[in-house]
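As structure tokens, the structure follows; a few thoughts come after it.
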Amino acid sequence: MPQAVIALGSNIAPSKENIDRAVAALSELGTVKETAPYIVSKPEGFTNQADFINTVVILSTPYRPLPLLKKLKELEVHLGRTPTFPNGPRVIDLDLLFYDDKILFEDDDKYPLIVPHPRLHEREFVLKPLSYILPEYIHPKLGKPVYRLYRELMKKKGAPECRIL
1009 MPQAVIALGS NIAPSKENID RAVAALSELG TVKETAPYIV SKPEGFTNQA DFINTVVILS
1069 TPYRPLPLLK KLKELEVHLG RTPTFPNGPR VIDLDLLFYD DKILFEDDDK YPLIVPHPRL
1129 HEREFVLKPL SYILPEYIHP KLGKPVYRLY RELMKKKGAP ECRIL
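So for the sequence shown, our numbering puts the first residue at 1009; every next one is plus one.
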């Protein structure tokens, strides 16, 4: 069965419980094989908001990529996400990072799907938890293992900004 890697984030209280509920709800879409440690991160983009709790899960799923993305967006709404503004506060955010070792672009106008996620290598709050559960996974587009992407990002940033919860 295909494996998807999904990033989860929340910064509307109770953030940890929102993540717990989302991880449990992902079992409706397949089998959660592994969950990374939860981390705390500062918001990016719009910084005048609460810190985020983030994690990453490996999901074994029968869904193909675009239907999976649609299910993830439905799940966000079911878990209480309401539209705000880009980079704004959210009860839950579910992003499809990887789908097996595929490189994909599909766009049905409502749900643009880009796999691997185009900015994951720039995001400490994704790479840090990802490095705990898939350090040797080779990014299909960049050709580098996750641990190396994390190290390169830390060299650029100078110091980690995220911490384990």
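C-beta atoms are modelled at their ideal positions from N, C-alpha and C, and glycine is treated no differently.
Where do the ends of the beta strand (DSSP E) carrying Ala-1015 lie? Translated into positions along the sequence shown, residue 1015 becomes position 7. First-last of the beta strand (DSSP E) with Ala-1015: 1011–1018.
What is the DSSP secondary structure of Asn-1095, reduced to helix, strand or coil? By one-based count along the sequence shown, residue 1095 stands at place 87. The answer is coil: DSSP assigns Asn-1095 none of H, G, I, E or B.
Suppose you measure from the CA of Glu-1052 to the CA of Gly-1038; what does that come to, to the nearest Å? As a first step, residue 1052 is located in the sequence shown; it is residue number 44 there, counting from the start. As a first step, residue 1038 is located in the sequence shown; it is residue number 30 there, counting from the start. Approximately 30 Å between the Cα atoms of the pair.
For Arg-1072, which of helix, strand or coil comes out of DSSP? Numbered from 1 along the sequence shown, position 64 holds the residue referred to as residue 1072. Residue state, collapsed to three classes: coil.
Please work out which residues of its chain come closer than 7 Å, Cβ to Cβ, to Ile-1141, disregarding the five sequence neighbours upstream and downstream, and give them in chain order. As a working note, residue 1141 is residue 133 in the sequence shown. Closer than 7 Å at Cβ, skipping near neighbours: Glu-1042, Ala-1044, Val-1064 and Ile-1066.
Within 7 Å, strictly: CB atoms of Val-1013 and Leu-1105: To locate residue 1013, count along the sequence shown from 1; it is residue 5. To locate residue 1105, count along the sequence shown from 1; it is residue 97. Yes.
Classify Thr-1085: buried if its beta carbon has 16 or more other beta carbons within 10 angstroms, exposed otherwise. Within the sequence shown, numbered from 1, the residue matching residue 1085 stands at position 77. The residue you asked about is not Thr; residue 1085 is Val in the sequence shown. Per the 10 Å Cβ criterion, exposed.
Using a Cβ-Cβ cut-off of 6 Å (strictly less than) and excluding sequence neighbours within five positions of Asn-1095, which residues of its own chain qualify? Counting from one through the sequence shown, the residue named residue 1095 turns up at place 87. These residues qualify, in order along the chain: Gly-1053 and Phe-1054.
Check whether the segment 1018–1037 touches the segment 1105–1117, taking contact to mean three or more Cβ pairs, one atom from each stretch, closer than 8 Å. no
Can you tell me whether DSSP reads Tyr-1163 as helix, strand or coil? Within the sequence shown, numbered from 1, the residue matching residue 1163 stands at position 155. In the sequence on display, residue 1163 carries Lys and not Tyr. In this structure, Lys-1163 counts as helix in the three-state DSSP scheme.
Could you tell me if Pro-1168 is buried or exposed, where buried requires 16 or more neighbouring beta carbons within 10 angstroms of its beta carbon? For the purposes of this step, residue 1168 is taken as the residue at position 160 of the sequence shown. When all chains shown are included, Pro-1168 counts as exposed.
CB Ala-1058 to CB Val-1134, shorter than 7 Å? Reading the sequence shown from its first residue, position 50 is the one you call residue 1058. Reading the sequence shown from its first residue, position 126 is the one you call residue 1134. Their beta carbons are not under 7 Å apart, which means Ala-1058 does not touch Val-1134 by this criterion.
Name the one or two DSSP bridge partners that Pro-1148 has. Sequence index remark: in the sequence shown, residue 1148 carries index 140 (1-based). Its beta-bridge partners do not exist; DSSP assigns none.
Alpha-carbon spacing of Pro-970 relative to Pro-1091, whole angstroms: Only positions 1009 to 1173 of the chain appear in this structure, which leaves residue 970 out of reach.
For a test of the three-state rule: what should DSSP assign to Tyr-1046, helix, strand or coil? Indexing the sequence shown from 1 puts residue 1046 at position 38. If DSSP states are grouped into helix, strand and coil, Tyr-1046 belongs with coil.
In chain order, what residues of the same chain have a beta carbon less than 6 Å from the beta carbon of Pro-1097, not counting five sequence neighbours either side? Numbered from its first residue, the sequence shown carries residue 1097 at position 89. For Pro-1097, where only same-chain residues beyond five positions count, the Cβ hits under 6 Å are Asn-1019, Ile-1020 and Gln-1057.
DSSP beta-bridge partners of Pro-1120: As a first step, residue 1120 must be located in the sequence shown, where it is residue number 112. Looking at the DSSP assignment, Pro-1120 forms a beta bridge with Asp-1115.
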